[in-house]
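Position one of the sequence shown corresponds to residue 160 (the working numbering), numbered consecutively onward. The beta-carbon is built from N, C-alpha and C at its ideal position, and this holds for glycine as well. Since the structure is predicted, the reported quantities are computational estimates derived from the model, not experimental observations. I have placed the structure first, in the form of structure tokens, so that the comments after it can refer back to it.
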Amino acid sequence: MTLHIPFDNSYARLPDRFYAKLDPAPVASPGLIALNDGLALEMGLNPEELRSPEGIAMFAGNLVPPGAQPIAQAYAGHQFGGFSPQLGDGRAILLGEVVAPAGTRWDLHLKGAGRTPFSRMGDGRNWIGPVVREYLLSEAMHALGVPTTRALAAVTTGERVYREGPLPGAVLTRVAASHIRVGTFQFFAVRQDEEALRLLADHAIARHYPQATGAADLLREAVAAQARLVAHWMSLGFIHGVMNTDNSHVGGLTIDYGPCAFMDEYHPQKVFSSIDQQGRYAYSNQPQIAVWNMAQFATCLLPLMGERDAAVELATEIVHEFAPIYEKEWLKRFRAKLGLATEQEGDRDLIDLLLTRMAQGQADFTRTFRGLAEGTARDEFLDRDAFDDWAAQWHARLEAEGRSLTEAQEAMRQVNPAIIPRNHRVEEAIAAALEGNYGPFQRLHEALKTPFDAGDEFRAAPYPDQVVRRTFCGT
Ligand code: AMP
Ligand code: MG
160 MTLHIPFDNS
170 YARLPDRFYA
180 KLDPAPVASP
190 GLIALNDGLA
200 LEMGLNPEEL
210 RSPEGIAMFA
220 GNLVPPGAQP
230 IAQAYAGHQF
240 GGFSPQLGDG
250 RAILLGEVVA
260 PAGTRWDLHL
270 KGAGRTPFSR
280 MGDGRNWIGP
290 VVREYLLSEA
300 MHALGVPTTR
310 ALAAVTTGER
320 VYREGPLPGA
330 VLTRVAASHI
340 RVGTFQFFAV
350 RQDEEALRLL
360 ADHAIARHYP
370 QATGAADLLR
380 EAVAAQARLV
390 AHWMSLGFIH
400 GVMNTDNSHV
410 GGLTIDYGPC
420 AFMDEYHPQK
430 VFSSIDQQGR
440 YAYSNQPQIA
450 VWNMAQFATC
460 LLPLMGERDA
470 AVELATEIVH
480 EFAPIYEKEW
490 LKRFRAKLGL
500 ATEQEGDRDL
510 IDLLLTRMAQ
520 GQADFTRTFR
530 GLAEGTARDE
540 FLDRDAFDDW
550 AAQWHARLEA
560 EGRSLTEAQE
570 AMRQVNPAII
580 PRNHRVEEAI
590 AAALEGNYGP
600 FQRLHEALKT
610 PFDAGDEFRA
620 APYPDQVVRR
630 TFCGT
């Protein structure tokens with residue numbers, strides 16, 4: 160079956176120094192784990208073609224379809240605050256861009272496609288664990304309404320990769336509105352390549368903010384998009400885990416599902432990533448880190464913003480717009496989580512008090528908020544009196560706006576998910592996949608498609624012996 164993929168590769172038309180041209184490295188024996196039919200259709204692709212041997216060969220990197228122009232993108236980045244002038248796609252290859260019938264442009268990107276000039280010490284490969292994880296997490300985020308990269312397909316390679324021991328190799332086909340990171344700008348900024356910065360800024364504007372009219376506008380839009388994104392994460396108890404500038408998307412998408420996690424028990428200082436020993440990317444630090452990343456972005460854009468002093472002043476002003484946008488968005492989301500339709504003076508305190516009591520009461524984040532919508536939140540608290548005291552204030556607040564509890568709870572069920580990809584269930588799906596059993600992965604994936612309206616199977620918090628305390632980049 161010939162693959163018909165309407166490629167139009169705008170990034171590959173940028174100058175050579177933006178990437179390295181190379182084909183994915185073929186693998187021994189590709190096998191399909193999952194294909195995202197819904198997304199394929201959204202992209203204007205034919206799921207049947209994609210499921211054919213040629214389609215699977217493309218997802219494994221064994222076949223470069225007509226019209227593709229495979230490249231590894233160059234980027235730099237601050238990792239845990241330390242700057243690396245050259246990172247780049249070390250285990251990923253952008254096949255090209257697909258333009259859907261609706262005009263939407265999607266990067267078609269293979270993660271685990273072999274070594275590239277940016278691989279440094281790495282093998283360029285991926286294994287089943289991170290592939291299953293990213294597939295589940297990124298699609299769950301999409302179903303939760305959070306801007307994100309997506310997963311189109313997952314395949315096995317029939318080869319082993321070596322980490323602590325041998326593991327089954329796999330490739331994830333990631334699709335996204337782009338893969339333009341703050342680190343992409345940093346790559347050129349550190350080389351003082353103003354021409355490239357200008358081309359990249361124009362490219363980012365065209366792809367994400369067509370209404371923007373210059374670098375200052377681009378910065379303003381990116382800052383606002385990040386502020387909204389992080390507020391959304393916070394409202395779901397999501398911890399990204401590795402908010403390095405190379406994982407900070409200029410279009411405001413969630414990108415890089417490495418050591419990320421949804422919290423079970425709420426605590427503001429929660430950290431999962433095994434490599435985040437200082438807690439730089441702890442739950443409650445995420446907004447500040449996003450500002451820090453946006454400050455790096457602003458620095459890159461200064462040469463495009465005119466006379467130096469005025470540019471610094473304007474860029475600083477724009478980065479400072481993050482806080483009010485974030486605060487507003489955060490309040491909007493948490494008000495909705497409590498079923499509050501109007502804005503009142505004491506709302507922030509009411510939300511903060513609940514969060515404080517949740518932390519003290521070791522309450523599960525997702526179950527507490529969903530429980531408020533279903534009348535079962537009290538069960539999540541060690542100290543039920545503390546919850547009752549807060550709930551009395553909440554009920555009074557609801558009464559003050561003339562909304563019945565039932566009415567509020569109905570609305571709350573639309574914003575407080577019943578299920579999230581809990582760490583222990585994701586681990587369980589990975590463990591089964593390692594045995595060649597994709598049943599748990601498929602069941603969990605299916606349930607996560609309707610997180611606000613789900614059955615009981617995946618709602619439970621982990622038993623003490625199931626709790627996952629550490630997550631790994633697993634590269
Ligand atoms: P990440 O931790 O996914 O944000 O990756 C950071 C950098 O390490 C990027 O430049 C990756 O391409 C590179 N990298 C991660 N894992 C591998 C690997 N197995 N082989 C080659 N490069 C890798
Ligand atoms: Mg990354």
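- Between the alpha carbons of D376 and F456 lies a gap of roughly 13 Å.
- Between R492 and A390, the beta carbon gap of about 6 Å places them in contact (Cβ cut-off 8 Å).
- R507 and L514 have their alpha carbons spaced roughly 11 Å apart.
- Setting aside the 5 residues that flank it on each side, Q573 is surrounded in the same chain by F611, each with a C-beta closer than 7 Å to its C-beta; the list follows chain order.
- DSSP places I589 within a helical segment (H, G or I) once states are collapsed to three.
- These are the residues, in chain order, with a beta carbon less than 5 Å from any non-hydrogen atom of ligand 2: N406, D415.
- DSSP, read as helix, strand or coil, puts T308 in coil.
- Here P369 is exposed: its Cβ has fewer than 16 other Cβ atoms, across all protein chains shown, within 10 Å.
- Taking a 10 Å sphere around the C-beta of M453, we find 16 or more other C-beta atoms and assign the residue as buried.
- Secondary structure note for A383: its alpha helix (DSSP H) is the uninterrupted segment 374-395.
- About 17 Å separates the CB atoms of P306 and G400; that is not less than 8 Å, and the two are not in contact.
- Contact between I589 and R292 is confirmed by a C-beta separation of about 6 Å, below the 8 Å threshold.
- For G226, same chain residues with a beta-carbon under 7 Å away, outside a window of 5 residues either side, are I164, F166, G255 in chain order.
- Using a C-beta cut-off of 8 Å, the region 230-237 makes contact with the region 346-356, since at least three inter-stretch Cβ pairs fall below that distance.
- Inclusion of C632 in the 7 Å shell around ligand 1 follows from its C-beta lying nearer than that to a non-hydrogen atom of the ligand.
- Remark: the shortest separation between the CB of A374 and any heavy atom of ligand 1 does not fall under 7 Å.
- Contact annotation, R529 with N575: C-beta distance approximately 5 Å; criterion of less than 8 Å satisfied.
- By the Cβ neighbour-count rule, Q345 is buried, with 16 or more other Cβ atoms within 10 Å of its own.
- Pairing W553 with L497 gives a Cβ-Cβ distance under 8 Å.
- Distances from the CB of F347 to the heavy atoms of ligand 1 are all 7 Å or more.
- The criterion of a C-beta distance shorter than 8 Å is not satisfied by Y440 and A522.
- Remark: the C-beta of D435 is outside contact range of ligand 1, defined as less than 7 Å to any heavy atom.
- Here M160 is exposed. Its C-beta has fewer than 16 other C-beta atoms within 10 Å.
- Excluding residues up to 5 positions away in sequence, A606 lie with their Cβ nearer than 7 Å to the Cβ of E616 in the same chain.
- Taking F242 as reference, the option from T404, E298, V186 with the minimal CA-CA separation is T404.
- Check the Cα spacing between N406 and each of L356, L603, R379, Q445: the tightest is with Q445.
- Where H237 is concerned, the enclosing beta strand (DSSP E) starts and stops at 236-238.
- Taking the Cβ atoms as the reference, L531 lies roughly 6 Å from M571, within the contact range of under 8 Å.
- Across the structure, G520 and T527 are spaced so that their CA atoms are roughly 11 Å apart.
- DSSP places P206 in the helix class (H, G or I) of the three-state scheme.
- In this structure, F177 has its CB at a distance of at least 7 Å from all heavy atoms of ligand 1.
- Per DSSP, I484 is one residue of the alpha helix (DSSP H) stretching across 481-496.
- For T525 and S394, the gap between their C-alpha atoms comes out near 10 Å.
- DSSP places Y622 in no beta strand (DSSP E); its state is neither H nor E.
- Contact between L194 and A312 holds: CB atoms are separated by about 5 Å, below the 8 Å threshold.
- Distance check between A551 and each of L512, V257, E539 places L512 closest, using alpha-carbon atoms only.
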